[in-house]
Amino acid sequence: MKLYKYFLEIIRHNVANSILIILLITTLFGWLLYVELNTDGIITGRVVDEKGTPIPEARVLIREKTLNLIKPPIVTETNQEGIFVFKDMKIIEFLINAQKEGYEAGEDVRYHLYFKGQHFTLPKPLILKKSP
42 MKLYKYFLEI
52 IRHNVANSIL
62 IILLITTLFG
72 WLLYVELNTD
82 GIITGRVVDE
92 KGTPIPEARV
102 LIREKTLNLI
112 KPPIVTETNQ
122 EGIFVFKDMK
132 IIEFLINAQK
142 EGYEAGEDVR
152 YHLYFKGQHF
162 TLPKPLILKK
172 SP
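Just add 41 to the spot in the sequence shown (first one is 1) and you have the numbering used here.
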């Protein structure tokens, strides 16, 4: 009888380990699939004034940041709703800011992504203040 209980315990232990391994493999496969499907490097966001009003035709500059170097900027403009889109951005860490005539230059905001080419929407809009 003790031997029977011993074998049952071994089977339960192995089943638990097998389930854990299957869950880990499934999670890893899911992550790799997500990364593969989301590597076109689309970075989006908004530019607004202090009151939250969208700023059309603002220049948005994004610069890749490496360990010891900040590369030259890539520039785009916002649309009428203050939305900007960068495509094919194969970067991990970057600085981004906005500029528009009649407004003070925005401060650099730093972001770090999980993988190159990740889709990313800025969690907060870039804010420009009117020039005095």
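C-beta atoms are modelled at their ideal positions from N, C-alpha and C, and glycine is treated no differently. Predicted model, so just to flag it, every value in this text is computed and none were measured.
Problem - Residue environment, residue 116, which counts as buried when at least 16 other CB atoms sit within 10 Å - result: exposed
Exercise for the section: Could you spell out the range, first to last residue, of the beta strand (DSSP E) harbouring residue 153? Expected result: 150-153
Practice task
Mark residue 101 as exposed unless 16 or more other C-beta atoms lie within 10 angstroms of its C-beta, in which case mark it buried.
Solution key: buried
Handout entry: Identity of the residue in 65, 156 and 146 nearest residue 173 by Cα
Key = 146
Handout entry: DSSP three-state assignment for residue 156, whether helix, strand or coil
Key = coil
Practice task
Might you give, ordered along the chain, the residues of its own chain that have their beta carbon closer than 8 Å to the beta carbon of residue 143, omitting 5 neighbours on each side?
Solution key: 171 and 172
Handout entry: Between the CA atoms of residue 61 and residue 129 - distance to the nearest angstrom
Key = 37 Å
Exercise for the section: Determine the DSSP secondary structure at residue 103, reduced to helix, strand or coil. Expected result: strand
Exercise for the section: Alpha carbon to alpha carbon, how far is residue 125 from residue 83? Give it in angstroms, no decimals. Expected result: 10 Å
Problem - DSSP three-state assignment for residue 171, whether helix, strand or coil - result: strand
Practice task
In the DSSP assignment, find the beta strand (DSSP E) that holds residue 90 and state where it starts and stops.
Solution key: 84-90
Problem - C-alpha distance - residue 66 paired with residue 73, whole-angstrom precision - result: Each residue's Cα considered, the two are about 11 Å apart.
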